[in-house]
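Going by my numbering, the first residue of the sequence shown is number 644, and it counts up by one from there.
Note that CB positions come from ideal geometry on N, CA and C, so glycine has one too.
Report on one structure; see the data block that follows.
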Amino acid sequence: MLRLRELADDDAESVRRIHADGSAADVWVGAMTGAQALAYVREAAMDPGLLVRGIEVGGDLLGVVRLRLDPGRGTGRLSYVVREDARGSGHATAAVRQFLTGDGLPARVLAVHREANPASGRVLAKAGFTPTCTSAGLVHHERARR
């Protein structure tokens, strides 16, 4: 059973493994280090403009869903990543859908995926996002609160 939960310092090694295959190449140059993973987990706990939940299945942390809030614009920017060996099992779709039912979300949520990653586009479509434009190899999506 999939559940979303807050991250703790003990999750740093799992977070490092989640990002180990270059899934977050836009953010990390090379593999995420242990120190970077610990900083990531601690930022998730301390930054009031960031809502982060770990994706846990059967006691295994296999992904992360994040929402960076922009209160001035009434928007949030969604991102998610699932460990490579857990992809294709519907975990990202289930996690994003569950995440978007939470309280305190902005009226509009934005997301971006690479054109070369159509699976991520399918996750967003199943979660109610609509593509708005494509530029520089990125597909931009928006979801308005229902």
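Between the alpha carbons of residue 652 and residue 678 lies a distance of about 11 Å. Proximity of the region 745-757 to the region 704-719 meets the contact definition, three or more beta-carbon pairs being nearer than 8 Å. Taking the Cα of residue 645 as reference, the smallest distance to any Cα among 735, 771 and 728 is reached at 735. Looking only at 704, 752, 691 and 690, the smallest Cα-Cα distance to residue 662 is reached by 704. In this structure, the beta-carbon distance from residue 755 to residue 783 falls below 9 Å.
The three-state secondary structure of residue 730, taken from DSSP, is coil.
For residue 738, the secondary structure class from DSSP, reduced to helix, strand or coil, is helix.
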